[in-house]
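Which chain is which? The protein sequence lines are A and B, in order. Using the UniProt record's numbering, you'd call the opening residue of the first sequence number 1 and step up by one each time. Using the UniProt record's numbering, you'd call the opening residue of the second sequence number 1 and step up by one each time. We put the beta carbon where it would ideally sit given N, CA and C, even for glycine. Remember, it's a predicted structure, so these values are computed and weren't measured experimentally. Here the structure comes first, spelled out in structure tokens, and everything after it is commentary.
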Amino acid sequence: MIQELTLRNPGTFSVVGGFFSFMRSFFAWWYGDVPLILFAKLQRILVVINDITSFGVILKGYFRPWKNDYNIAGWLVGMVLKTCYLPIIASFFVVTISGFLLALLVQLSVLPVIIGLIVLNPFLKP
Amino acid sequence: MINVLTAFHDKVQDKTQLYDNYAIIVDPQYEPFLITQFDLFFLSLQDLTELLRTFRANFVFNKLKRSLATALLILALPFAALYILSTTTFITLAIPAIFLVLIKEEIFLAAFALLILWHDLATNFDARKLLVTYPTLDDFLKNSIENQGVQFQNFTIQQPLDYFHPVTFELLVNSLSASKNSTVLNTSNLLKTVLGHEHIQRVLKRLEIPDIENLLNSASLTTETAPIYDYTALQSLILYSLEQAIETKSRRVYPEHVLLALFSIFPVLKDVLQEHKVDFLTFEKTIEWYIIADQYRARTSILDLSQIYHNKGGVADGWVKGFTFFLDKISTNVLDQVTAIGGIYGIGHTKEINNLIGILQKQTDANAILVGDPGVGKSSVIYGLAQRIIEGDIPPALKNLSIKAVDINKFLSLASAGRGGIPELVEKLSAELRKQVGTILYFDDLEVLLSTGSGEGTAMSYLLPLLLQSPVPIVGTMTFAQYSTLKDKYPTVIDAFKEVRVDPLSKEDTFTILTTKIDKLEQMHRITISLPALKDILVLTATYQPNKRFPKKAVELLEQAAVQASTTKDKQLTRELVAQVIQTLADIPVAQSSPEEAEKLLTLEKRIHQKYVNQHDAVLAVVDSLQRAKTSVRNTSHPFGVYLFLGPSGVGKTELAKITAKEYFGSDFSMIRIDMSQYKQDSDIPTIMSQLSKVALRPYTLLLLDEFEKTTTTIHDIFMRLFDEGIVVTPKDETLYFNNSIIIATSNIGSNLLLKAPPEKFEETKLQILDMLPQYLKVELINRFDKVIVFGALSLEHLQQIAVLMVNDLVQKLSEQGIRSTYTDKTINYLVAHGYVPGMGARPLRRTLQDSLETALAKFILKSQQEAGANPKDVNFDELLPSV
Chain A
1 MIQELTLRNP GTFSVVGGFF SFMRSFFAWW YGDVPLILFA KLQRILVVIN DITSFGVILK
61 GYFRPWKNDY NIAGWLVGMV LKTCYLPIIA SFFVVTISGF LLALLVQLSV LPVIIGLIVL
121 NPFLKP
Chain B
1 MINVLTAFHD KVQDKTQLYD NYAIIVDPQY EPFLITQFDL FFLSLQDLTE LLRTFRANFV
61 FNKLKRSLAT ALLILALPFA ALYILSTTTF ITLAIPAIFL VLIKEEIFLA AFALLILWHD
121 LATNFDARKL LVTYPTLDDF LKNSIENQGV QFQNFTIQQP LDYFHPVTFE LLVNSLSASK
181 NSTVLNTSNL LKTVLGHEHI QRVLKRLEIP DIENLLNSAS LTTETAPIYD YTALQSLILY
241 SLEQAIETKS RRVYPEHVLL ALFSIFPVLK DVLQEHKVDF LTFEKTIEWY IIADQYRART
301 SILDLSQIYH NKGGVADGWV KGFTFFLDKI STNVLDQVTA IGGIYGIGHT KEINNLIGIL
361 QKQTDANAIL VGDPGVGKSS VIYGLAQRII EGDIPPALKN LSIKAVDINK FLSLASAGRG
421 GIPELVEKLS AELRKQVGTI LYFDDLEVLL STGSGEGTAM SYLLPLLLQS PVPIVGTMTF
481 AQYSTLKDKY PTVIDAFKEV RVDPLSKEDT FTILTTKIDK LEQMHRITIS LPALKDILVL
541 TATYQPNKRF PKKAVELLEQ AAVQASTTKD KQLTRELVAQ VIQTLADIPV AQSSPEEAEK
601 LLTLEKRIHQ KYVNQHDAVL AVVDSLQRAK TSVRNTSHPF GVYLFLGPSG VGKTELAKIT
661 AKEYFGSDFS MIRIDMSQYK QDSDIPTIMS QLSKVALRPY TLLLLDEFEK TTTTIHDIFM
721 RLFDEGIVVT PKDETLYFNN SIIIATSNIG SNLLLKAPPE KFEETKLQIL DMLPQYLKVE
781 LINRFDKVIV FGALSLEHLQ QIAVLMVNDL VQKLSEQGIR STYTDKTINY LVAHGYVPGM
841 GARPLRRTLQ DSLETALAKF ILKSQQEAGA NPKDVNFDEL LPSV
């Protein structure tokens with residue numbers, strides 16, 4: 001009967017069971033939710049960088065003349081400047097993304113394992 | 001707009017049914033659920049019971065875990081310091097090896113503790129999932145539930161408690177108590193627990209309910225109004241709370257929603273609020289405002305994912321789009337402004353914004369003029385459009401547009417400062433715009449262009465080429481009056497621009513706008529603004545500032561009251577303060593339920609009669625209308641009262657108006673007096689209008705129209721609408737409001753009959769006069785008077801009383817100069833004997849007083865000043881009267 005399951009009979013609780021349940025929840029969060037949160041942050045950082053550096057605007061308007069001056073000089077100056085500018089910004093993006101991925105890799109995969117090993121280290125020594 | 005429905009499933013009959021009466025279901029046969037367009041929220045009884053069973057154990061474990069992790073973190077600080085010191089060469093610390101191992105262990109454990117706390121923060125301090133904005137439901141779903149046709153497999157099953165803030169669920173669990181063999185939900189306890197929560201306390205404080213204990217011990221809270229249920233009642237309560245959260249557009253279920261649910265389940269609880277003079281709607285709005293404000297306050301950085309990022313273009317934007325040096329000098333980017341200021345724009349103007357979006361998508365003539373009265377929020381439409389662009393809630397063709405608000409005055413001042421004339425600057429601007437892509441030009445107050453310059457040389461005429469052949473869409477704002485001028489003078493502009501009519505906002509939308517101002521004003525002036533005060537702002541501005549439009553008039557009053565509140569001791573913007581501010585602004589004594597004000601009104605009749613003799617019907621009519629006005633039970637789109645006073649000369653028609661103005665409106669200067677006998681031509685209308693326009697400066701007034709019947713029929717017609725709706729429109733299209741005025745028209749119609757009739761035939765004569773009234777005034781005009789009062793002729797006895805009042809008035813004047821005066825019946829009898837002229841009323845009496853007593857008195861005073869160098873100390877009126 002459902003009604004018998006009242007707060008007077010609150011079920012059993014063990015510290016060990018609670019600990020393992022917590023560890024399960026922690027690792028599910030650490031490897032499941034945290035990467036998603038961090039990737040969303042990375043996405044936002046890239047949006048901000050893209051906006052500040054006008055990367056997307058330049059890329060979309062790559063074949064448009066400098067300051068919209070439709071003449072030979074405008075085309076020429078525009079193309080040259082944008083060709084010089086874009087690789088600089090692109091490399092900036094590449095560095096940011098790779099740096100972030102590297103940090104993510106270390107933080108997510110290695111960090112809890114290392115902490116665990118260090119904590120358990122004295123006990124593992126013969 | 002319904003976006004969520006509550007229903008239940010009858011397990012025995014396998015039937016679904018909608019219900020909207022907020023019943024608590026405790027019978028396991030029925031399973032309540034909540035349904036939106038895509039989601040079905042359902043909590044089974046087994047799940048609920050299991051959650052309740054494990055809640056306490058989990059709660060204790062989490063608390064323990066948190067304390068341990070915090071202790072490890074705190075301990076790590078001195079350990080880390082010790083470790084660093086031991087590794088430096090400056091200080092030699094002899095730390096035993098075993099301690100060094102412990103220190104290292106502790107530091108790494110602290111690092112792990114940090115991760116645990118992060119995990120704790122992410123999982124136990126917020127709802128597991130966040131609510132979204134749910135689409136409006138169609139009737140199809142409603143019918144499907146009723147007709148057992150819902151395809152439940154098409155819905156995502158959601159666990160309601162996933163959306164509960166942990167504090168909310170904790171409150172629910174804590175309100176359960178053991179009773180015999182079961183666990184019960186005591187709704188009275190729950191209500192008290194919820195009311196005691198800090199979120200609700202701040203709501204109550206903002207509602208000017210400081211005495212929380214009083215509220216909790218309210219007489220309305222009994223076991224009948226708030227009964228005890230089996231704990232399974234939580235199943236319904238959880239769903240109702242979730243429903244409230246969805247309806248208030250909250251992302252989580254907070255204790256506020258439980259409270260709103262309780263109010264819906266037990267409507268009688270609203271009486272608890274009523275006892276504190278707070279209506280439920282204001283209470284609901286306050287909660288809604290806190291939820292929205294909290295969500296906005298939480299948005300802090302550009303890396304906050306819940307905040308929409310607004311693209312500004314970046315450093316190299318101009319390389320592609322072209323530089324606009326001149327445009328940048330005379331304009332501001334509206335999108336940047338909206339992002340920087342924050343807040344919500346375009347409230348209540350969705351229709352206008354959608355209309356504008358439609359126009360801006362056109363291939364040709366994608367220009368618009370927003371036309372509306374001053375203060376209706378024309379600029380807000382543009383700001384609302386900007387916000388829609390930022391949020392991406394706009395058709396693809398308009399995405400990534402920028403709106404540049406041109407400062408017309410700056411443009412004109414640059415032109416006049418010798419930076420090129422208007423034509424040159426227009427050409428410069430056009431050249432820049434020709435290279436621009438994705439920009440909308442916005443001219444606020446386009447009428448400035450019409451009023452600058454003269455004749456053909458107005459700024460508008462110079463800007464015509466730009467307005468008519470602009471390479472980018474242009475949006476401007478104008479008032480109706482200026483728009484009609486534009487229509488007459490520049491029809492080509494009207495052809496190129498589409499009109500978007502901007503209507504005044506409703507009170508509800510204006511209230512929402514006012515709530516969006518709270519945060520900034522509170523921070524700026526360091527004050528607390530109560531929500532009932534905002535509600536009063538709406539009511540008072542609607543009543544006392546009819547010539548202004550929502551929302552501006554309400555926002556202006558709020559801002560002025562905020563400034564005023566910052567100068568007060570307790571820094572609170574309360575209802576009283578709002579009343580005081582509008583009283584000053586509109587020069588109107590605003591309805592207040594103070595005992596002094598009530599006393600003033602209740603004794604008004606008596607006070608008038610202290611200065612005024614007889615004519616009880618007339619006095620009563622005037623007093624009644626003022627009492628109605630003060631208690632806000634009157635029709636606000638009608639003057640306080642419109643009366644026609646009929647009677648012979650000198651019976652006190654004008655005098656009553658004067659005394660009323662003095663006693664109630666403050667002074668007899670508060671009266672607008674027009675002698676209608678002077679206006680016997682229709683050509684006098686402009687003069688009358690200019691007299692009437694004084695009401696704009698003094699809306700709380702008494703309008704006295706002397707000898708009303710002696711003007712023309714055309715002029716009478718003007719007064720028809722004034723008497724009826726309290727409105728008159730001048731030839732300049734200016735609307736004058738008399739809905740805070742008493743209007744008294746006087747006339748001598750039928751005076752001869754009254755003078756000839758003996759006093760005992762007064763009632764009969766009165767009827768005769770009323771019968772003959774249509775010979776002088778149109779019937780429809782007579783019908784517009786609230787009351788036609790016939791003043792009876794004054795008898796000798798009345799004159800005696802008037803003489804006493806006049807002499808007493810003189811005594812009072814003398815006493816103010818330090819002269820003590822006395823008199824006997826001799827003075828009164830003398831005045832009446834010489835001042836009584838049958839049919840002439842009290843006027844001859846006034847002249848007698850002046851000629852005999854006042855002249856003699858003046859001579860007496862001058863003589864004393866000549867002889868003693870000072871005013872006399874005593875004077876006896878009897879001795880001053882000429883010998884008979």
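- For the pair valine 194 (chain B) and leucine 234 (chain B), the CB atoms are not nearer than the 8 angstroms cut-off.
- In the three-state reduction of the DSSP assignment, glutamine 768 (chain B) falls in the helix class, which pools H, G and I.
- Per DSSP, the unbroken beta strand (DSSP E) holding glycine 476 (chain B) starts and ends at 474-478.
- With contact defined as three or more Cβ pairs closer than 8 angstroms, the region 344-351 of chain B and the region 412-431 of chain B are not in contact.
- Of all residues in the region 21-39 of chain A, only Ser21, Phe22, Ser25, Phe26, Trp29, Trp30, Asp33, Val34, Ile37 place a beta-carbon less than 9 angstroms from a beta-carbon of chain B.
- Contact annotation: isoleucine 357 (chain B) and isoleucine 394 (chain B) have beta-carbon atoms nearer than 8 angstroms.
- The three-state secondary structure of glutamine 148 (chain B), taken from DSSP, is coil.
- Alanine 178 (chain B) sits in a strand when the DSSP states are folded into three classes.
- From the listed residues B:Leu704, B:Phe55, B:Lys180, the smallest Cα separation to phenylalanine 169 (chain B) is found for B:Phe55.
- At a cut-off of 8 angstroms between C-beta atoms, leucine 104 (chain A) does not count as an interface residue with respect to chain B.
- Listed by position along chain A, the residues whose Cβ is nearer than 7 angstroms to that of lysine 321 (chain B) are Asn68.
- When the Cα atoms are used, serine 883 (chain B) and isoleucine 672 (chain B) turn out to be separated by approximately 42 angstroms.
- About 6 angstroms separates the CB atoms of leucine 486 (chain B) and valine 493 (chain B); that is less than 8 angstroms, so the two are in contact.
- For lysine 404 (chain B), the enclosing beta strand (DSSP E) starts and ends at 402-406.
- Under the three-state reduction of DSSP, asparagine 186 (chain B) is assigned to strand.
- For the C-beta of proline 112 (chain A), the chain B residues within less than 9 angstroms are, from N- to C-terminus, Phe112, Leu115.
- Scanning chain B for C-beta atoms nearer than 7 angstroms to the C-beta of valine 47 (chain A) yields Tyr309, reported in chain order.
- In this structure, DSSP gives leucine 773 (chain B) a helical state, which the three-state scheme calls helix.
- When B:Asn124, B:Val539, B:Ala745 are compared, the shortest CA-CA separation from glycine 641 (chain B) is found for B:Ala745.
- If you look at glutamate 31 (chain B), you'll find it in the beta strand (DSSP E) that goes 30-35.
- Among the residues facing chain A, leucine 305 (chain B) is included, as its CB has a counterpart in that chain under 8 angstroms away.
- The beta-carbon of isoleucine 97 (chain A) is placed no less than 8 angstroms from the nearest beta-carbon of chain B.
- Nearest CB-CB separation between threonine 83 (chain A) and chain B: not below the 8 angstroms threshold.
- Isoleucine 84 (chain B) and alanine 113 (chain B) have their alpha carbons spaced roughly 20 angstroms apart.
- In this structure, DSSP gives arginine 673 (chain B) an extended state, which the three-state scheme calls strand.
- Straight through space, the alpha carbons of valine 837 (chain B) and phenylalanine 860 (chain B) are spaced by roughly 28 angstroms.
- Glutamine 153 (chain B) is classed as exposed because its beta carbon has fewer than 16 other beta carbons within 10 Å across all chains shown.
- Counting along the chain, aspartate 706 (chain B) sits inside the beta strand (DSSP E) bounded by residues 701-706.
- DSSP places leucine 736 (chain B) in the strand class (E or B) of the three-state scheme.
- Here DSSP, grouped into helix, strand and coil, assigns glycine 358 (chain B) to helix.
- Those residues of the region 31-57 of chain B placed with their C-beta closer than 7 angstroms to a C-beta in chain A are Leu45, Gln46, Thr49, Leu52, Arg53, Thr54, Arg56, Ala57, ordered along the chain.
- Using a Cβ distance threshold of 8 angstroms, glutamate 599 (chain B) and leucine 620 (chain B) do not count as a contacting pair.
- As computed with DSSP, valine 728 (chain B) is found in a beta bridge with B:Leu736.
- The continuous beta strand (DSSP E) containing aspartate 39 (chain B) extends over residues 39-41.
- The UniProt domain "Clp ATPase C-terminal" (794-879) of chain B is shown to contain whole beta strand (DSSP E) runs of 3 or more residues at 820-822, 874-876, in chain order.
- In the DSSP assignment, glutamate 499 (chain B) falls outside any alpha helix (DSSP H) and lies within the beta strand (DSSP E) extending over 497-501.
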